[in-house]
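Visitor: Please read through the structure below; I'll follow up with questions.
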Amino acid sequence: MGRTLAEKVWDDHVVRRAEGEPDLLFIDLHLLHEVTSPQAFDGLRQNGRQVRRLDLTIATEDHNTPTIDIDKPIADPVSRIQLETLRKNAADFGVRLHSLGDVEQGVVHVVGPQLGLTQPGTTVVCGDSHTSTHGAFGALAFGIGTSQVEHVLATQTLPLARPRTMAITVDGELPEDVTAKDLILAVITKIGTGGGQGYILEYRGSAIEKLSMESRMTICNMSIEAGARAGMIAPDRTTFDYLEGRDHAPKGAEWDEAVAYWKTLRTDDDAVFDAEVFIKAEELAPFVTWGTNPGQGAPLSANVPDPASYEDASERLAAEKALEYMGLTAGQPLRDIKVDTVFVGSCTNGRIEDLRNAAELLKGRKVADGVRMLVVPGSVRVALEAVAEGLDKVFTAAGAEWRHAGCSMCLGMNPDQLAPGERSASTSNRNFEGRQGKGGRTHLVSPQVAAATAVLGHLASPADLSDAPTLVEA
Amino acid sequence: MEAFTKHTGRAVPLRRSNVDTDQIIPAHWLKKVTRDGFEDGLFEAWRKDPEFVLNKPERKGATVLVAGSDFGTGSSREHAVWALQNYGFQTVISSRFADIFRGNSLKNGLLTVVLDQKVVDALWDLTDADPTAEITVDLEQRKVLAEGISADFELDENARWRLLNGLDDISLTLQNEADIAAYEATRPAHKPRTIEV
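Structure (structure tokens):
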């Protein structure tokens with residue numbers, strides 16, 4: 001019987017297989033950041049252990065880094081200590097680190113791919129749940145806890161039970177204004193926040209094949225929000241073209257060898273998935289969340305749902321609690337929801353394509369009165385590219401704030417936070433209670449919906465802009 | 001890791017589903033660089049409400065958390081496990097746990113027990129009605145016992161063995177160092193490297 005993409009990559013990394021034990025998997029790339037690594041390095045020290053493979057390890061600062069005044073000392077002393085701890089650990093153990101101010105600094109899941117380190121058929125781990133992002137390249141990539149970070153540092157392996165596989169097939173043409181973000185939000189609402197639990201998802205079908213690498217990363221990034229261990233997309237010409245010439249992509253004869261291998265990384269025709277989900281691209285629409293988990297979403301044209309309409313008691317209770325927290329009423333049109341803040345950025349939507357899409361809609365338009373818009377590039381490289389294209393000027397001319405790279409308001413570990421009761425339209429990945437700041441209310445959206453919302457002051461799609469009263473100064 | 005064999009204690013019924021790790025321990029607590037001192041951050045936002053179940057005087061000293069489905073979703077932060085342990089919880093019962101949280105819990109000796117929602121409902125009803133009711137989680141027998149309730153739970157044999165004996169994963173893996181070295185010797189040259197060595 002044939003094998004799925006996930007099974008092929010898994011099998012290629014088994015160091016040891018024994019009856020009654022989890023497989024011991026080799027890890028090709030270990031990404032580190034300041035939040036989940038300090039206790040792991042401490043563990044190494046306590047046991048007199050070293051980092052086994054420094055050449056497969058790289059660190060960046062992202063979660064705590066400020067996005068303004070980056071040339072000044074970090075104001076929050078606790079954030080500063082955490083960054084200094086990573087710097088000390090990297091220096092003590094010899095780990096390559098990209099610190100604040102370095103041209104390769106940025107959100108760990110943006111940095112790995114842009115350096116060409118994320119490659120098809122590799123295993124990639126990081127103490128961060130959004131490591132699933134790297135699956136867009138046909139890598140098996142997943143988030144791990146700090147104990148596992150220590151395990152990988154010490155052994156370059158992880159003992160793991162093989163997850164089941166689920167195919168998410170999206171065929172057809174995505175309608176205009178419907179993005180990868182809308183697609184993945186619709187998938188999560190369909191299968192639920194626990195629907196992918198225990199599975200590696202493989203996104204496939206003609207609509208997926210047409211997507212750019214940036215869009216594929218947006219989709220794989222949010223696999224974890226459906227509870228999945230990882231999400232993957234088979235590598236193809238789009239993948240190879242993205243990688244060719246990047247710093248750490250193979251060169252010369254090694255490139256040819258690599259591509260020959262990468263071309264084998266497709267699910268065999270006779271392979272069987274443990275579960276399958278089918279979605280018609282034509283039926284999708286701009287999608288937003290109304291609740292406090294990423295599975296509580298609906299098309300932008302819908303109304304806030306009535307909790308009473310849920311048959312399942314626990315879902316009903318969750319919806320009631322969510323509406324209370326979000327300050328919403330059942331039946332209210334989603335389009336009427338006014339926002340205070342718009343955030344464009346994060347490992348979900350902080351890449352150059354995302355900034356281009358948001359900028360295109362803001363060109364010649366203004367952010368609505370009373371709305372604060374933050375644009376935070378995913379990495380310094382993304383920022384430089386955006387500046388070279390003049391996107392920063394588009395954002396600032398529209399009245400948005402153009403910031404430095406980092407995780408920023410996605411989780412508000414730095415000063416970029418919502419105030420209690422404040423409402424955001426955010427291109428990030430989690431609308432959990434208090435995620436963007438204590439008492440903050442988050443609606444997850446695509447960069448296009450974020451830009452349209454910023455202009456109109458309420459949740460809106462790009463199509464709504466054509467009849468916007470605040471338009472155009474040419 | 002501390003071994004887990006059998007534990008008996010009073011419970012906190014947490015009647016909520018989708019309790020994400022941002023609720024268990026908010027992000028600003030993640031700036032600490034140690035594994036302890038997280039107890040005051042546990043469910044920090046919800047504890048501001050005096051009616052929140054954890055704030056009830058009769059729940060003081062409880063060691064068994066009985067939660068709704070999809071407990072521990074979201075961020076991979078192991079701090080969520082440390083916060084529960086620092087607070088005093090020894091075990092968490094739910095009908096479904098998020099993968100990463102489950103892995104983290106078992107590596108720290110916090111036993112996460114998966115039971116059918118019907119049993120969770122029964123445990124909620126019992127411990128809501130009688131805060132002094134005790135729940136026993138027996139890993140040797142793979143059983144959860146409480147007044148009028150007896151339920152078997154599953155846990156794969158390897159994870160159970162490591163928990164019962166409090167074994168350290170890294171030491172176990174390093175016993176197979178020769179296998180790792182043999183694998184490394186066969187890796188293709190085109191695989192990425194972060195630095196030249």
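The listed protein sequences correspond, in order, to chains A and B.
In terms of UniProt numbering, the first sequence opens at residue 1 and continues consecutively.
In terms of UniProt numbering, the second sequence opens at residue 1 and continues consecutively.
Cβ coordinates follow ideal geometry from the N, Cα and C atoms, glycine included.
(1) Please name the residue, chosen from A:H443, A:Y242, A:R266, A:K88, that lies closest to M327 of chain A on a Cα-to-Cα basis.
(2) Whole angstroms are fine: how far does the CA of Q448 of chain A sit from the CA of L459 of chain A?
(3) Compile a chain-ordered list of the residues in the segment 8-30 of chain A whose CB is closer than 7 angstroms to at least one CB of chain B.
(4) Among B:L30, B:L42, B:L172, B:T132, whose alpha-carbon lies nearest the alpha-carbon of F89 of chain B?
(5) Assign I180 of chain B to one of three DSSP states: helix, strand, or coil.
(6) Quick one: which residues of the segment 19-34 of chain B get their C-beta closer than 9 angstroms to a C-beta of chain A? List them in chain order.
(7) So, is the C-beta of L174 of chain B closer than 8 angstroms to a C-beta in chain A?
(8) At a Cβ cut of 7 angstroms, what residues of the segment 289-323 of chain A count as close to chain B, listed as they run along the chain?
(9) State the Cα-Cα distance for the pair L83 of chain A and R142 of chain B, rounded to the nearest angstrom.
(10) Around the C-beta of F278 of chain A, are 16 or more other C-beta atoms found within 10 angstroms, so that it is buried, or is it exposed?
(11) Could you give the DSSP three-state label for Y199 of chain A: helix, strand or coil?
(12) Quick check for students: name the residue ranges of the alpha helix (DSSP H) that lie wholly in the segment 106-132 of chain A, counting only runs of 4 or more.
(13) Mind listing the chain A neighbours of Y87 of chain B? Cutoff is C-beta to C-beta under 8 angstroms, in chain order.
(14) How about A3 of chain B and N165 of chain B: are their beta carbons less than 8 angstroms apart?
(15) Using a cut-off of 8 angstroms between C-beta atoms, extract the partners of I188 of chain A located in chain B.
(16) Measuring straight from C-alpha to C-alpha, what distance separates A178 of chain B and G378 of chain A?
(17) Give me the Cα-Cα distance between L185 of chain A and A181 of chain B, rounded to the nearest whole angstrom.
(18) Among A:T122, A:L31, A:S147, which one has its Cα closest to the Cα of A40 of chain A?
(19) Measuring straight from C-alpha to C-alpha, what distance separates D62 of chain A and G198 of chain A?
(20) Report the three-state DSSP secondary structure of P13 of chain B (helix, strand or coil).
(21) Under 7 angstroms Cβ-Cβ, which residues of chain A neighbour H190 of chain B?
(22) Kindly list, in the order they appear in chain A, the residues whose Cβ is closer than 7 angstroms to that of G74 of chain B.
(23) Count the other CB atoms within 10 Å of the CB of E140 of chain B; is the residue buried (16 or more) or exposed (fewer)?
(24) To the nearest angstrom, report how far apart Y203 of chain A and T169 of chain A are at their CA atoms.
(25) With C-beta atoms as the reference, is residue 543 of chain A less than 8 angstroms away from F343 of chain A?
(26) When the Cα of G143 of chain A is compared with those of A:P120, A:C407, A:L32, which residue comes out closest?
(27) Let's test the definition: count the other Cβ atoms within 10 Å of the Cβ of M1 of chain A and tell me whether it reaches 16, buried, or not, exposed.
(28) Do the segment 346-354 of chain A and the segment 426-436 of chain A meet, that is, are 3 or more Cβ pairs less than 8 angstroms apart?
Guide: According to the structure data:
(1) For the sequence presented, residue 327 of chain A should be read as Gly rather than Met. For the residues A:H443, A:Y242, A:R266, A:K88, the minimum Cα distance to G327 of chain A belongs to A:H443.
(2) 11 angstroms
(3) V15, R16, G20, E21, P22, L24, F26, D28, L29
(4) B:L42
(5) helix
(6) D20, T21, D22, Q23, P26, A27, H28, L30, K31, K32, V33, T34
(7) yes
(8) N293, S314, A318
(9) 43 angstroms
(10) exposed
(11) strand
(12) 108-114
(13) By Cβ distance, chain A contributes nothing, its closest Cβ being about 18 angstroms from Y87 of chain B, past 8 angstroms.
(14) yes
(15) Result: empty, since nearest Cβ-Cβ is about 11 angstroms, beyond 8 angstroms.
(16) 40 angstroms
(17) 42 angstroms
(18) A:S147
(19) 28 angstroms
(20) strand
(21) P250, E254, E257, A258
(22) S129, R430, F432
(23) exposed
(24) 6 angstroms
(25) Nothing about residue 543 of chain A can be read from this structure; chain A reaches only from 1 to 474.
(26) A:L32
(27) exposed
(28) yes
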